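Protein sequences appear in the order of chains A and B.
Counting in our numbering, the first sequence runs without a single skipped number right up to 167 at its last residue.
Counting in our numbering, the second sequence runs without a single skipped number right up to 167 at its last residue.
Beta carbons: idealized from backbone N, C-alpha and C, even for Gly.
A quick note: this is a predicted structure, and the numbers were derived from the prediction, not measured.
For reference, the structure discussed in these notes is given below.
Protein chains: 2
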Amino acid sequence: MAEGGGQSGESLLFLTDEQLRKGIEAMFFAYRGFTADPDRILEDHAYGRAHHRAVHFINRSPGTTVNNLLAILGVTKQSLNRVLRSLIEDGLVESRVGTRDKRERHLYLTEAGQALERALSEAQRRRMRAAYRAAGPEAVSGFRQVLEAMMDPEMRRHFDEAKETGG
Amino acid sequence: MAEGGGQSGESLLFLTDEQLRKGIEAMFFAYRGFTADPDRILEDHAYGRAHHRAVHFINRSPGTTVNNLLAILGVTKQSLNRVLRSLIEDGLVESRVGTRDKRERHLYLTEAGQALERALSEAQRRRMRAAYRAAGPEAVSGFRQVLEAMMDPEMRRHFDEAKETGG
DNA sequence: TTGGAATGTCAACAACACTGACATAAAATC
DNA sequence: GATTTTATGTCAGTGTTGTTGACATTCCAA
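This is the structure:
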């Protein structure tokens with residue numbers, strides 16, 4: 001099964017099934033490490049990853065609406081609502097009725113919510129910082145390139161929306 | 001705050017909180033893409049990701065014991081057992097009592113199990129192949145380096161165990 | 001042979017996703 | 001102004017996957 005024409009086999013060795021399998025397992029094991037530290041913090045608060053995700057994206061886009069959050073998180077409103085309800089009850093998130101469109105609820109982190117967000121993201125950044133430092137800037141660039149190529153196009157949109165620093 | 005000594009600030013720009021945040025979100029969005037294709041296949045079989053993981057690692061190490069699998073998957077034996085039971089009932093996995101130690105059960109994929117494994121891994125490889133191809137070999141190398149650095153040490157052990165192709 | 005450790009199974013429960021149905025309020029449209 | 005659509009929230013029910021607790025079996029060693 002020769003590829004195109006001029007492309008020699010040598011430069012495509014990284015596409016063997018064996019290499020791809022290693023990549024798949026690397027994603028599995030790395031994601032576990034990636035979520036391990038926040039998970040430990042969340043346990044103390046009787047929260048789960050769903051709460052983490054909500055807090056993260058409300059922090060990223062203060063005043064975002066429920067619908068916006070639904071699109072980013074890719075869950076049902078019932079599922080998100082359960083999470084938001086507990087976060088609001090616990091005083092970590094504030095929900096304000098929209099001024100222009102009163103149907104919308106705009107979401108903000110309270111002081112306590114920001115404190116939890118900082119604790120969670122600090123733990124996660126610490127691990128990622130260590131991994132970045134160990135791998136070096138060149139590797140980080142490749143890491144980001146592959147991850148972006150692996151996203152669904154719609155998700156890449158949400159990802160790009162928050163882009164500020166030059167890639 | 002100065003690192004070692006000679007390291008100039010310039011070369012550490014990739015460690016800014018903003019860059020780390022982008023990395024965190026990239027992991028989140030990419031992992032969703034990474035699991036999306038197998039998830040669709042699993043739906044048809046009324047299985048979940050836990051079944052996928054079990055099938056994957058039994059395929060990787062035929063004859064592995066339940067305890068072995070537990071260490072890799074990082075769940076309780078009760079949780080794994082439920083998944084294995086359904087896979088065995090459905091004829092995808094065979095459980096053989098150990099010959100030397102009759103307490104152990106050795107796990108194998110049946111023909112049907114291998115067929116499902118192929119379908120799942122094919123879907124996942126297809127996406128990863130596309131991402132690898134888009135990013136190029138250099139990027140793939142960096143991708144793998146960062147992921148390995150992000151794993152918990154114990155998980156990296158399990159990862160390395162299956163290493164065959166030179167990194 | 002008795003007791004402890006390892007291995008695996010069964011039962012019950014919690015978190016978090018899902019679907020479906022429905023209620024409310026406001027905006028948009030006719 | 002009446003109707004439809006949109007945005008949000010809620011209730012009920014279900015499924016997957018994690019948990020703990022209790023227990024059976026098997027092996028090994030005192």
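{"Asked": "Status (buried if at least 16 other CB within 10 Å, exposed otherwise) for Ala30 (chain B)", "Found": "buried"}
{"Asked": "Glu196 (chain A) to Ala71 (chain A) span [Cα, whole Å]", "Found": "Not covered by the structure: residue 196 (chain A). The range shown for chain A is 1 to 167."}
{"Asked": "Stretch-stretch touch, CB-based, cutoff 8 angstroms, three pairs: the segment 146-161 of chain A with the segment 18-37 of chain B", "Found": "yes"}
{"Asked": "Spatial neighbours of Val93 (chain A) in its chain, beta-carbon cut-off 8 angstroms, leaving aside the 5 residues before and after", "Found": "Ala54, Val55, Ile58, Leu84, Leu87, Leu107, Tyr108, Leu109, Thr110, Gly113"}
{"Asked": "Short-range partners of chain A found in the segment 15-42 of chain B, where Cβ spacing is below 8 angstroms", "Found": "Leu15, Thr16, Asp17, Glu18, Gln19, Leu20, Arg21, Lys22, Gly23, Ile24, Glu25, Ala26, Met27, Phe28, Phe29, Ala30, Tyr31, Arg32, Gly33, Phe34, Ala36"}
{"Asked": "Rounded C-alpha distance that separates Leu15 (chain B) from Gln145 (chain B)", "Found": "16 angstroms"}
{"Asked": "Any C-beta of chain A under 9 angstroms from that of Gln145 (chain B)", "Found": "yes"}
{"Asked": "Gln114 (chain A) at chain B interface by Cβ criterion, 9 angstroms", "Found": "no"}
{"Asked": "Endpoints, the alpha helix (DSSP H) within which Glu89 (chain B) is located", "Found": "77-89"}
{"Asked": "Any alpha helix (DSSP H) of 4 or more consecutive residues that is wholly inside the segment 107-142 of chain A", "Found": "111-135"}
{"Asked": "Interface flag, Tyr47 (chain B) vs chain A, CB-CB below 9 angstroms", "Found": "no"}
{"Asked": "CA-to-CA distance, Ser141 (chain A) to Leu20 (chain A), given in whole angstroms", "Found": "19 angstroms"}
{"Asked": "Whole-Å CB distance - Phe143 (chain B) paired with Phe143 (chain A), under 8 angstroms assumed", "Found": "5 angstroms"}
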